[in-house]
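So the structure is just underneath, and the comments pick up after that.
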Amino acid sequence: MAAAIGSGLPVHEATGNMVVDIGGGTTEVAVISLGGIVTAQSIRTAGDELDNAIIQHIKKEYSLLLGE
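Residues in the sequence shown are numbered from 223 upward in steps of one, following our numbering.
Structure (structure tokens):
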């Protein structure tokens with residue numbers, strides 16, 4: 223909720239806002255509306271795993287070589 227408020231999202235309106243926090247070991251996803259969390263989920267995929275997945279996708283789709 224703090225990330226949504228800090229980024230200026232209209233958290234008190236009747237619209238849904240999805241907030242994603244990608245950390246080193248987990249990724250947190252929440253949907254916020256009317257000043258509260260409608261639903262939230264935490265997955266144990268983050269950091270290096272996501273970087274590697276993006277690199278593999280770009281290599282496959284665009285035949286590009288990527289380095290760190």
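Glycine included, every Cβ here is placed at the ideal spot set by N, Cα and C.
Counting along the chain, the unbroken alpha helix (DSSP H) around Ala224 starts and ends at Ala224 to Gly228.
The beta carbons of Ser229 and Glu250 sit no closer together than 9 Å. Between Val233 and Met240, the gap from beta carbon to beta carbon reaches 9 Å or more. Gly289 places its beta carbon 9 Å or farther from that of Gly269.
Between the C-alpha atoms of Arg266 and Thr248 there is a straight-line separation of about 4 Å. In the DSSP assignment, Glu250 is bridged to Asp243 and Ser264.
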